[in-house]
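These notes are about the structure you will find just below.
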């Protein structure tokens with residue numbers, strides 16, 4: 004039994020990411036590493052049963068993995084509109100010794116969910132978290148001009164309220180929320196734009212085998228000297244390694260001290276990546292390897 008943790012409550016986009024992850028593992032999908040040999044992937048067994056466990060906070064999920072309560076966890080890392088998820092980054096950097104073994108990117112698509120039997124004319128209230136409400140203002144103002152907006156703590160909470168209500172309200176949320184709370188999808192993809200994506204890290208006690216289409220994540224800090232960060236990043240240039248992301252966070256020691264999260268293409272077992280990371284480790288005041296794992300590719 005594979006136990007997988009996610010940020011609850013049930014019906015959130017975090018649970019949708021879990022379902023995407025499981026679907027890809029079952030289908031041996033090329034989104035992971037473009038590899039026909041994905042069944043070698045650490046922990047994969049298409050026939051194994053799994054259990055999904057919800058947690059109230061990111062730190063609770065990660066500590067649960069470290070304690071062995073669950074085998075894997077999906078935690079949000081960054082969003083295309085809102086940026087980095089700082090709690091996840093800080094936890095991975097300094098509070099837990101876990102590895103990223105995969106990544107999942109899901110499109111955040113909002114849907115209008117209603118109780119079965121309700122009609123458009125019945126809807127007096129639109130319920131959701133403030134963020135989805137803001138992302139769907141055009142749809143709401145065009146189609147529900149008289150409806151009252153009610154803000155709640157989560158999209159899943161909104162779906163639960165609609166499910167237990169009188170049929171005069173609608174929730175904005177995910178397709179998973181519709182499944183969990185047995186709601187009807189009145190309208191799909193009602194968000195104003197289609198550029199909202201969230202990247203999730205699959206975290207475990209081990210990272211992944213090499214697939215040939217991989218990514219490696221590290222975090223480090225540099226000495227407080229002019230050009231120190233440039234000299235570290237130039238190491239990747241010298242080994243002709245593409246850096247796909249860099250993110251800074253306060254080191255939480257004193258003002259002006261930072262740690263840097265870097266993603267590069269390649270796997271730790273690649274000769275060039277291994278040599279470059281060895282040099283980075285020597286040249287930094289703090290260094291932590293976060294994992295090598297298959298790159299996720301959004302398929303058209």
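In the working numbering, the protein residues as written are 4 to 303.
In this text, a Cβ means the ideal position worked out from N, Cα and C, and glycines have one as well.
Owing to the predicted nature of the structure, the values given are computational and were not obtained by experimental measurement.
Residue 191 sits exposed, since fewer than 16 C-beta atoms from the chains shown fall within 10 Å of its C-beta.
In the DSSP assignment, the residues bridged to residue 82 are 86, 201.
Distance from the CA atom of residue 150 to the CA atom of residue 121, rounded to whole angstroms, is 14 Å. In the structure shown, residue 61 falls within a helical segment according to DSSP collapsed to helix, strand and coil.
Ranking 268, 18, 162, 22 by CA distance to the CA of residue 246 puts 268 first.
Going by DSSP, residue 178 is part of the alpha helix (DSSP H) stretching over 178 to 183. Less than 8 Å separates the beta-carbon of residue 158 from that of residue 176. Of the residues assessed, residue 273 falls on the buried side of the cut-off, its CB having 16 or more other CB atoms within 10 angstroms.
As computed with DSSP, residue 116 is found in a beta bridge with 174, 188. Residue 123 and residue 91 have their C-alpha atoms roughly 40 Å apart.
Under the three-state reduction of DSSP output, residue 195 falls in the coil class, being neither helix nor strand.
Contact between the segment 197 to 207 and the segment 79 to 86 is established, with three or more Cβ pairs separated by less than 8 Å. In this structure, the beta-carbon distance from residue 188 to residue 116 falls below 8 Å.
Beta-bridge analysis with DSSP links residue 272 to no other residue. In this structure, residue 20 sits near residue 107, with a CB-CB distance shorter than 8 Å. In the same chain as residue 225, and ignoring 5 residues on each side of it, the C-beta atoms closer than 7 Å to its own belong to 231, 232, 235, 287, 288, in chain order.
In this structure, 154 is the residue among 145, 154, 56 with its C-alpha nearest to the C-alpha of residue 128. Taking each of 240, 290, 279, 280 in turn and checking the Cα distance to residue 263, the smallest one comes out for 290. One alpha carbon belongs to residue 118, the other to residue 103, and they sit about 39 Å apart. Sequence-distant Cβ neighbours of residue 301 in its own chain, meaning closer than 7 Å and more than five residues away, are 108. In its chain, beyond the 5 residues on either side, 275, 279 have a beta carbon closer than 6 Å to the beta carbon of residue 242. DSSP places residue 164 inside the alpha helix (DSSP H), whose first and last residues are 158 to 166.
Here the alpha carbon of residue 277 sits roughly 20 Å from the alpha carbon of residue 96. Counting only the Cα atoms, residue 18 lies some 14 Å from residue 160.
Residue environment: residue 297 is assigned as buried (16 or more neighbouring CB atoms within 10 Å of its CB, all protein chains considered). Counting along the chain, residue 135 sits inside the alpha helix (DSSP H) bounded by residues 133 to 138.
Sorting 67, 5, 214 by C-alpha distance to the C-alpha of residue 52 places 5 at the top. Between residue 217 and residue 171 the beta-carbon gap is near 51 Å, outside 8 Å, which marks them as no contact.
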